[in-house]
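Enquirer: Quick one: this structure, given as structure tokens, is what I'll be asking you about.
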């Protein structure tokens, strides 16, 4: 079975998705290879703001500085894997200690140095911070796609960084020309 690489694509959970970890989720696929896939849920803000997360790791956000704009950004639940670990999806602007280059423009970083830079300089400007990620073993995502669990569409950095969390799913669906409410929860039905 030939597999399409879904790196830099959105996965849109179909209405029949029974797993509460992924029901009504929009996932940005950061890496998809024959060995598996990793992604970040981008439409599940938690009840924690970046200011609180930065305080927990002893990184100040200075009032009145460029770093202050991060304070009220939500931290997202990125998925059920390593929920105690932070991940920063961001515009690729600098080689951080632990980064995965997704595209020429987007990276996923999990090292403290990016948080320190955010606190010190306010860079990178476009960020989405999560706790946890979603992961698939070899062949698992392909099987789920064959079961009609996900819709896929090429990702948009505008949706990632400029659209509010609560409307990202609808925006991704619009890019497909589909209304989520019109989807059937049974494969093969309109």
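Numbering (my numbering), first residue to last: 3 to 192.
In this text, a Cβ means the ideal position worked out from N, Cα and C, and glycines have one as well.
1. On a CA-only basis, which of 44, 6 and 32 is nearest residue 165? Give me that one, please.
2. By how many angstroms is the C-alpha of residue 147 removed from the C-alpha of residue 6?
3. Are residue 26 and residue 15 touching if we call contact CB-CB under 8 angstroms?
4. Report the residue ranges of all alpha helix (DSSP H) runs contained in full by the segment 31-68; include only those spanning at least 4 residues, in chain order.
5. On the DSSP bridge list, what partners appear for residue 92?
6. Starting from the Cα of residue 135, find the closest Cα among 19, 17, 18 and 28 and give me that residue.
7. Within 10 angstroms of its Cβ, does residue 113 collect 16 or more other Cβ (buried), or is it exposed?
8. May I have the straight-line CA-CA distance separating residue 79 from residue 108, to the nearest angstrom?
9. Within 10 angstroms of its Cβ, does residue 145 collect 16 or more other Cβ (buried), or is it exposed?
10. Going by CA-CA distance only, name the one from 63, 20, 102 and 85 that's closest to residue 93.
11. Taking DSSP as the reference, what is the three-state secondary structure of residue 169?
12. Straight-line CA distance for residue 173 to residue 106?
13. At a cut-off of 7 angstroms, would you count residue 89 as near the ligand NAP, judging by its Cβ distance to the nearest heavy atom?
14. Does DSSP classify residue 142 as helix, strand or coil?
Expert: Let's see:
1. It is 44.
2. Approximately 11 angstroms, taken between the alpha carbons.
3. Yes. Within cutoff.
4. Within the segment 31-68, the complete alpha helix (DSSP H) runs of at least 4 residues are 52-58.
5. Answer is 109 and 129, bridged to residue 92.
6. The residue from 19, 17, 18 and 28 with its alpha-carbon nearest to that of residue 135 is 28.
7. It counts as exposed.
8. Residue 79 and residue 108 have their C-alpha atoms spaced approximately 19 angstroms apart.
9. Burial state of residue 145 is exposed, judged by a 10 Å Cβ sphere holding fewer than 16 other Cβ atoms.
10. Residue 102 is the option with its Cα nearest to residue 93.
11. Secondary structure at residue 169: helix, using DSSP grouped into helix, strand and coil.
12. The C-alpha of residue 173 lies about 23 angstroms from the C-alpha of residue 106.
13. You won't find the ligand NAP in this model; it holds no ligand whatsoever.
14. Reduced to three states, the DSSP call for residue 142 is helix.
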